[in-house]
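Counting from 67, one number per residue, gives the positions in the sequence shown under the working numbering. Take a look at the structure set out below.
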Amino acid sequence: MLFSTLGHYALIFGLIISFPILFFSIKNFRNDKLFDVKITNFSFIQLFLVVLSFFGLVMSFLYSDFSNETVFNNSHTTKPIFYKIAGSWGNHEGSLLLWLLVLTLFIFIFLIRTKTLFKNYRILTVIFQQIIIIGFFVFLLTSSSPFNYISPIPDEGLGLNPILQDPALAIHPPVLYLGYVGSSIIFSSVLSATTLGYISKTWAIHIKTWVLASWIFLTLGILLGSIWAYYELGWGGFWFWDPVENVSLMPWLALTTLLHCVLILEKRSLLSSWVIILSIATFSLSMCGTFLVRSGILNSVHTFANDPERGLFILTFLFLLIFISLFIFFVFHKTDEVNKSSFSFISKESSIIINNWFMMYFLSVVLIGTVYPIFLDVISSEQISVGPPFYHKLIIPFLIPFLIFMALGSQLKWMRSGLGNKIYLFSLLIISILISYFIVKSLSTNILINTILIGSAFYLLLINIRDFIYNKSKNLSQNLSHFGFSLLILSILFNNLFSSEIITNLKVGEKFDNKKFQIIFNDLKKSEGKNYISFKGNFSIIENNVEEKLEPELRVYNQPNIITSEADIKTTFLNDKFITINTVQNEEYFNIRYQVKPFMLWIWVSVLLISLGGLSSFFIKRMK
Numbered sequence: 067m068l069f070s071t072l073g074h075y076a077l078i079f080g081l082i083i084s085f086p087i088l089f090f091s092i093k094n095f096r097n098d099k100l101f102d103v104k105i106t107n108f109s110f111i112q113l114f115l116v117v118l119s120f121f122g123l124v125m126s127f128l129y130s131d132f133s134n135e136t137v138f139n140n141s142h143t144t145k146p147i148f149y150k151i152a153g154s155w156g157n158h159e160g161s162l163l164l165w166l167l168v169l170t171l172f173i174f175i176f177l178i179r180t181k182t183l184f185k186n187y188r189i190l191t192v193i194f195q196q197i198i199i200i201g202f203f204v205f206l207l208t209s210s211s212p213f214n215y216i217s218p219i220p221d222e223g224l225g226l227n228p229i230l231q232d233p234a235l236a237i238h239p240p241v242l243y244l245g246y247v248g249s250s251i252i253f254s255s256v257l258s259a260t261t262l263g264y265i266s267k268t269w270a271i272h273i274k275t276w277v278l279a280s281w282i283f284l285t286l287g288i289l290l291g292s293i294w295a296y297y298e299l300g301w302g303g304f305w306f307w308d309p310v311e312n313v314s315l316m317p318w319l320a321l322t323t324l325l326h327c328v329l330i331l332e333k334r335s336l337l338s339s340w341v342i343i344l345s346i347a348t349f350s351l352s353m354c355g356t357f358l359v360r361s362g363i364l365n366s367v368h369t370f371a372n373d374p375e376r377g378l379f380i381l382t383f384l385f386l387l388i389f390i391s392l393f394i395f396f397v398f399h400k401t402d403e404v405n406k407s408s409f410s411f412i413s414k415e416s417s418i419i420i421n422n423w424f425m426m427y428f429l430s431v432v433l434i435g436t437v438y439p440i441f442l443d444v445i446s447s448e449q450i451s452v453g454p455p456f457y458h459k460l461i462i463p464f465l466i467p468f469l470i471f472m473a474l475g476s477q478l479k480w481m482r483s484g485l486g487n488k489i490y491l492f493s494l495l496i497i498s499i500l501i502s503y504f505i506v507k508s509l510s511t512n513i514l515i516n517t518i519l520i521g522s523a524f525y526l527l528l529i530n531i532r533d534f535i536y537n538k539s540k541n542l543s544q545n546l547s548h549f550g551f552s553l554l555i556l557s558i559l560f561n562n563l564f565s566s567e568i569i570t571n572l573k574v575g576e577k578f579d580n581k582k583f584q585i586i587f588n589d590l591k592k593s594e595g596k597n598y599i600s601f602k603g604n605f606s607i608i609e610n611n612v613e614e615k616l617e618p619e620l621r622v623y624n625q626p627n628i629i630t631s632e633a634d635i636k637t638t639f640l641n642d643k644f645i646t647i648n649t650v651q652n653e654e655y656f657n658i659r660y661q662v663k664p665f666m667l668w669i670w671v672s673v674l675l676i677s678l679g680g681l682s683s684f685f686i687k688r689m690k
């Protein structure tokens, strides 16, 4: 109870500190004197108080303080310490407190790292950021406090959903929030720069760091969530177009587009309107995701809450921020003055602009597929589910020219560039198509589409390999990210085209015969874990006279009373062998699901390469 009280009052005082920050910021805004250090000092105090509040919540979980409603709903005395700590942010209230922690941390870092920049720009950014911070403070203290008390105090907690007790998912939210909340600094910064007419090359160099950092964290956060979904949910997939997956993908698409627009703004002083709109859109989509996850209108294992009133607060706050941002854009922003004589269609900036439109199309498809079922339910009470076929039909045809323009764009120069005698571009395209054809010719359907699609991905891959070999790429980070992206597309396509699955019912001692392999159910062993009972199956997979042992598991949790299926996965260089087990008939027969998933390892590796490309730009910048 002591730590909960500490956390609660630290949160209150953190809100109080916001007002001196606003007061001194407004006072210092029109003052010709130097930047008021009181703003930085109060910002540090605010950060310290939020850290103290979060510390109080973590300690309440560690000591199983069930007088705290959040701890009672999401913890149990038998839960491992690691998941007690992770449980502090693995719920609605705790996740919002983590949001607030990152918000206050980022604005303090912003103040420390921008001492050389325009004073009024720094102050106005602080003002906009404090408006967001105050909104989260009010939200937490009024409707989502992580420090509500229960009386009488229960002896035991309800526990945490076992499928959320996973290392990847424990790390996933903080990393994802670093990406989400990073967009708030971009949002506040762009509003400040627009108001002051500070959108310039200097500003672009500064904001690119924040865009890149947010993009890296969001990429890694999505990766961790995908890995968790793959091996924990037992479906054998890495992406299901789940609405909550989509709400993390949309800001990533917007951030990726914004990053490329900032590059053009830095190099050519163009596309300032794009930069402003995309900055607003990225933060709005991050907030929209927060609303959807917490409103209860989405049906997903990822959702935190089922409280429309909480979602309504976030939605109202979001509309207010969007209104303010659009007002600033239309009133203060001056249209780009483009010198048409210095702008060529065959140039790097043109290829980026074209691919930006493709990215906006992909974003629109994901947005429509996510929100259309919600609007349909509200209007007509008709409930539908938008699945993978919708996204695949609308995205895949446009993915082909997107990949080709991406490949060609990396070979062009700024301002104007003729293709000249670059015969290798055409030669590599032919080679890519031929390689693709020999790979997919055994398929019975869609040979033409698959050949062109895989060929386009190979084209991007080969061009990046060529740049590595001949050291033609002047931008290693770009080259590495594009290489990772091409590898990702290829891995996903091969995974989709060549995966296989067997579903059957077996009891101990039985076997399943297939033309290519055998599945033998050898044994089932019972054991006790720390907070669950385990039933581990022993299976032999015999293929080409080679035997492999796989041990999928059923776990029976008492608190809460849930049965989970834990997959066993054997990962090799080329594929994953994936097996799960579930009870079906009087605990005698078991449902066995065995899958062979090609190139799963390369999906994870490719996303890491994409992130590494972004990360390398920081080191390259320092070296220069």
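Note that the Cβ used here is the ideal one computed from N, Cα and C, for glycine as well.
- Task: Have a look at Ile237, Asp232, Ile216, Ala279 and flag the residue whose alpha-carbon is nearest the alpha-carbon of Tyr246.
- Result: The count along the sequence shown starts at 1 and reaches residue 246 at position 180. Of Ile237, Asp232, Ile216, Ala279, the residue nearest in Cα terms is Ala279.
- Query: Where does the unbroken beta strand (DSSP E) through Thr637 begin, and where does it stop?
  - Reply: Stepping through the sequence shown from its first residue, residue 637 is reached at position 571. Here the beta strand (DSSP E) through Thr637 covers 634 to 637.
- Query: Helix, strand or coil for Ser600 per DSSP?
  - Reply: Taking the first residue of the sequence shown as position 1, residue 600 is located at position 534. Strand, per DSSP.
- Task: Since I believe Ser498 is in contact with Leu528 (beta carbons under 8 angstroms), could you give me their beta-carbon distance rounded to a whole number of angstroms?
- Result: Within the sequence shown, residue 528 is the residue found at index 462, counting from 1. Within the sequence shown, residue 498 is the residue found at index 432, counting from 1. Going by Cβ atoms, the distance from Leu528 to Ser498 rounds to 6 angstroms, so yes, they are a contact pair.
- Indicate the three-state DSSP secondary structure (helix, strand or coil) for Pro454 in the structure shown. For the purposes of this step, residue 454 is identified with residue 388 of the sequence shown, where counting begins at 1. Correct three-state label for Pro454: helix.
- Tell me Leu164's beta-bridge partners as DSSP assigns them. The count along the sequence shown starts at 1 and reaches residue 164 at position 98. The beta-bridge partner set that DSSP reports for Leu164 is empty.
- Message: Bridge partners for Lys615 per DSSP, in chain order?
- Response: Stepping through the sequence shown from its first residue, residue 615 is reached at position 549. The partner list for Lys615 (beta bridge, DSSP) reads Ser606.
- Item | Cutoff 6 angstroms; reference Lys400; Cβ partners in own chain excluding five residues on either side | Locating residue 400 in the sequence shown gives position 334, where the first residue counts as 1. Answer for Lys400: no residue qualifies.
- Check Gln195 in the structure and name its three-state DSSP category. As a first step, residue 195 must be located in the sequence shown, where it is residue number 129. Helix at Gln195.
- Item | Rounded straight-line distance, which links the Cα of Phe665 to that of Glu609 | If you number the sequence shown from 1, residue 609 lands on position 543. If you number the sequence shown from 1, residue 665 lands on position 599. Looking at the two C-alpha atoms, the distance is approximately 19 angstroms.
- Under the rule that 16 or more other beta-carbon atoms within 10 Å means buried, what is Phe85, buried or exposed? Stepping through the sequence shown from its first residue, residue 85 is reached at position 19. Around the beta-carbon of Phe85, fewer than 16 other beta-carbon atoms lie within 10 Å, marking it exposed.
- Message: Restricting to Cα atoms, I'd like to know which of Ser547, Asn512, Ser552, Phe534 is closest to Phe524.
- Response: In the sequence shown, counting from the first residue as 1, residue 524 sits at position 458. The candidate whose alpha carbon is nearest that of Phe524 is Ser552.
- State the DSSP-derived secondary structure class of Glu159, mapped to helix, strand or coil. Here residue 159 refers to the residue found at position 93 when the sequence shown is read from its first residue. Here DSSP, grouped into helix, strand and coil, assigns Glu159 to helix.
- Task: Look up Leu433 in the DSSP assignment and say whether it is helix, strand or coil.
- Result: Counted from its first residue, the sequence shown places residue 433 at position 367. Three-state result, Leu433: helix.
- How would you label Asn97, buried or exposed, when you count the other beta carbons within 10 angstroms and need 16 or more for buried? The residue you call residue 97 lines up with position 31 of the sequence shown. By the 10 Å Cβ count, Asn97 comes out exposed.
- Exposure label - Phe393; buried when at least 16 CB within 10 Å: The sequence position of residue 393 within the sequence shown is 327, counting from 1. Within 10 angstroms of the beta-carbon of Phe393 lie fewer than 16 other beta-carbons, which makes it exposed.
- N- and C-terminal bounds of the alpha helix (DSSP H) containing Thr285: Your numbering for residue 285 matches position 219 in the sequence shown. It spans 267 to 298 - the alpha helix (DSSP H) in which Thr285 sits, taken as one unbroken run.
- Query: What are the boundary residues of the alpha helix (DSSP H) that Phe524 is part of?
  - Reply: Residue numbering aside, residue 524 sits at position 458 when the sequence shown is read from its first letter. Counting along the chain, the alpha helix (DSSP H) containing Phe524 begins and ends at 513 to 536.
- Query: Of all the options Ser133, Ser345, Ala76, which has the alpha carbon lying nearest to the alpha carbon of Thr260?
  - Reply: As a working note, residue 260 is residue 194 in the sequence shown. When only C-alpha atoms are compared, the closest one is Ser345.
- Message: I'd like the span of the beta strand (DSSP E) that includes Tyr660, first residue to last.
- Response: Counted from its first residue, the sequence shown places residue 660 at position 594. In the DSSP assignment, Tyr660 falls within the unbroken beta strand (DSSP E) covering 655 to 664.
- Message: Please return the same chain residues whose Cβ sits closer than 6 angstroms to the Cβ of Ile629, not counting the five positions on each side in sequence.
- Response: Numbered from its first residue, the sequence shown carries residue 629 at position 563. Sequence-distant Cβ neighbours of Ile629 in its own chain, meaning closer than 6 angstroms and more than five residues away, are Val622.
- Task: Kindly indicate which three-state DSSP category Ser217 falls into: helix, strand or coil?
- Result: As a first step, residue 217 is located in the sequence shown; it is residue number 151 there, counting from the start. Under the three-state reduction of DSSP output, Ser217 falls in the coil class, being neither helix nor strand.
- Can we say the segment 436 to 446 touches the segment 383 to 392, given the rule of at least three CB pairs closer than 8 angstroms? Touching, no, given that fewer than three Cβ pairs across the two stretches are closer than 8 angstroms.
- Message: Which same chain residues end up closer than 7 angstroms to Ala234 when comparing Cβ atoms and leaving out the 5 residues on each side of it in sequence?
- Response: What you label residue 234 is simply residue 168 of the sequence shown in a count that begins at 1. Taking Ala234 as the centre and dropping the five residues before and after it, the same chain places the C-beta of Leu290, Ile293, Trp294 closer than 7 angstroms to its C-beta, in chain order.
- In this structure, does DSSP put Asp131 in helix, strand or coil? Mapped onto the sequence shown, residue 131 falls at position 65. Asp131 falls in the coil class under three-state DSSP.
- Query: Ile265 and Ser338 look like a contact to me (Cβ under 8 angstroms); what is the Cβ gap, rounded to whole Å?
  - Reply: Within the sequence shown, the letter at position 199 stands for residue 265. Within the sequence shown, the letter at position 272 stands for residue 338. Rounded, the Cβ-Cβ distance is 5 angstroms, consistent with contact.
- Would you decide whether His548 is buried or exposed? Buried here means 16 or more other CB atoms lie within 10 Å of its CB. Walking along the sequence shown from the start, residue 548 turns up at place 482. Here His548 is buried. Its C-beta has 16 or more other C-beta atoms within 10 Å.
- Which of the three DSSP states, helix, strand or coil, is assigned to Asn94? Start at 1 with the first residue of the sequence shown, and residue 94 comes out as number 28. Helix.
- Query: How do the segment 187 to 201 and the segment 212 to 222 stand: do at least 3 beta-carbon pairs fall below 8 angstroms, yes or no?
  - Reply: Proximity of the segment 187 to 201 to the segment 212 to 222 falls short of the contact definition, fewer than three beta-carbon pairs being nearer than 8 angstroms.
- Starting from the C-beta of Gly201, find all residues in its chain whose C-beta is less than 6 angstroms away, skip the five residues before and the five after it, and write them out in chain order. Start at 1 with the first residue of the sequence shown, and residue 201 comes out as number 135. Excluding positions up to five away in sequence, the list reads Phe383.
- Residues near Ile111 in its chain [Cβ-Cβ closer than 8 angstroms; skip 5 each side]: Within the sequence shown, the letter at position 45 stands for residue 111. Around Ile111, the same chain offers Ile83 as residues with beta carbons nearer than 8 angstroms, after the five sequence neighbours per side are excluded.
- Message: How far does the beta strand (DSSP E) with Ser508 in it extend, from its first residue to its last?
- Response: Counted from its first residue, the sequence shown places residue 508 at position 442. Under the DSSP assignment, Ser508 falls outside any beta strand (DSSP E); it carries neither an H nor an E label.
- Since Thr323 is in the alpha helix (DSSP H), which residue starts that stretch and which ends it? Taking the sequence shown and counting its residues from 1, one reaches residue 323 at position 257. Taken as a continuous stretch (DSSP letters only), the alpha helix (DSSP H) holding Thr323 covers 309 to 334.
- Message: Just verifying my parser: in three-state terms, what is the DSSP assignment at Lys459?
- Response: If you number the sequence shown from 1, residue 459 lands on position 393. In this structure, Lys459 counts as helix in the three-state DSSP scheme.
- Query: Do the segment 512 to 524 and the segment 551 to 570 make contact, defined as three or more Cβ pairs closer than 8 angstroms?
  - Reply: By the Cβ criterion, the segment 512 to 524 is in contact with the segment 551 to 570, since at least three pairs of Cβ atoms, one from each stretch, lie closer than 8 angstroms.
- Along the chain, where does the alpha helix (DSSP H) that runs through Ile147 open and close? The residue labelled residue 147 in the question sits at position 81 within the sequence shown. Annotation for Ile147: the continuous alpha helix (DSSP H) segment containing it runs 147 to 153.
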